[in-house]
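Residue numbers (my numbering), protein chains in the order written: chain A, 352 to 623; chain B, 539 to 622.
Written out below as structure tokens is the structure these notes cover.
Structure, rendered in structure tokens:
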């Protein structure tokens with residue numbers, strides 16, 4: 352089965368002029384080393400920053416770590432800013448009720464970095480096992496931030512660890528597609544976050560992202576200039592679905608997927 | 539509950555949960571290659587089957603060896619027989 356790409360070909364492969372080719376070459380030659388340098392510096396400076404942050408805020412370790420993950424994302428945005436425009440819609444502190452379960456479509460490795468566009472930092476990412484296994488340089492920090500390794504801890508562990516986050520008014524962030532979309536379209540959603548919402552009564556906060564598939568899609572290893580947009584949709588409360596019984600999480604999942612897919616399409620049209 | 543009823547309940551449960559096509563639910567269908575279910579889906583699969591049949595199966599080693607729909611049928615039928 353083939354899918355028509357949701358991203359115009361011109362945007363995914365813009366090497367149509369010598370000027371744009373030069374920009375892309377410069378971007379990749381400069382940005383990749385800068386990101387590596389930023390990461391190395393972050394790792395070196397982390398102990399002093401972490402201890403200072405803990406003394407100043409009095410927060411628990413995982414909360415401090417999540418704050419520094421957010422700061423790292425902000426630093427990445429500043430570094431990328433000569434080549435990437437970041438836009439956000441509706442993302443104010445007032446629009447985000449904590450605790451919540453943030454669900455967002457997934458287009459690129461850099462989607463996680465873009466979560467620094469959010470006005471809140473107490474977010475525990477719920478991910479598959481591979482980032483814990485493959486991204487070894489991030490692993491200790493992910494552990495310290497108490498990120499959820501969904502495949503390792505199973506449903507009971509997910510429920511237990513999520514409740515801990517919610518009790519402290521934090522958020523769980525999930526990419527419900529499970530992996531990056533290869534054609535930019537919103538894929539099938541897993542049930543986990545929606546079952547979690549039904550079980551805990553915590554609302555779903557749908558987010559939509561576009562542009563990171565132009566920046567660095569899953570089928571390309573080099574970056575391209577892009578405009579990244581992050582948009583928020585109204586909270587979806589599980590109580591509206593609980594009456595559906597055994598199919599409550601399925602109906603909630605279908606509803607959230609529908610509104611995200613529709614909004615992503617709208618964002619793409621507006622960007623075009 | 540007969541074996542056939544158990545298999546039918548498994549199939550309909552999985553069709554509803556994963557939005558699968560009932561016509562694809564053959565015993566020899568590979569969960570991964572034919573039904574497109576991966577390791578995260580297995581977590582969801584265990585939950586819905588536990589709810590449908592009323593027993594715990596999350597810690598079972600045999601779950602990890604399941605490859606086809608027929609393996610699930612056999613596993614659940616075996617569990618139901620052990621319960622009686």
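Beta carbons: idealized from backbone N, C-alpha and C, even for Gly.
Since we're looking at a predicted model, the values are computed, not measured.
For a Cβ distance threshold of 9 Å, nothing in chain B lies close to residue 616/A: the least Cβ distance comes to about 20 Å. Within the model, the alpha-carbon separation for residue 373/A versus residue 616/A is close to 30 Å.
Non-local beta-carbon contacts of residue 552/A in its own chain, meaning distances under 8 Å to residues more than five positions away in sequence, involve 589 and 590 in chain order. When beta bridges are read from the DSSP output, residue 400/A appears opposite no residue. Neighbourhood of residue 558/B in chain A, by CB distance below 9 Å: empty, with the nearest CB roughly 10 Å away. The DSSP-derived three-state label of residue 522/A is strand. Per DSSP, reduced to three states, the secondary structure at residue 589/A is helical.
Contact annotation: residue 502/A and residue 568/B have beta-carbon atoms that are not nearer than 8 Å. Excluding its 5 nearest sequence neighbours in each direction, residue 607/A has C-beta neighbours in its own chain below 8 Å: 454, 527, 540, 545, 555, 557 and 587, listed in chain order. Neighbourhood of residue 577/B in chain A, by CB distance below 7 Å: 502, in chain order. Interface criterion not met: the Cβ of residue 541/B is under 8 Å from no Cβ in chain A. For residue 429/A, no beta strand (DSSP E) segment is defined; the enclosing uninterrupted segment is the alpha helix (DSSP H) at 412-431.
According to the DSSP assignment, residue 537/A belongs to no beta strand (DSSP E), since it is labelled neither H nor E. In this structure, the alpha-carbon of residue 560/B lies about 14 Å from that of residue 574/B.
By the rule that beta-carbons nearer than 8 Å mark a contact, residue 589/B touches chain A.
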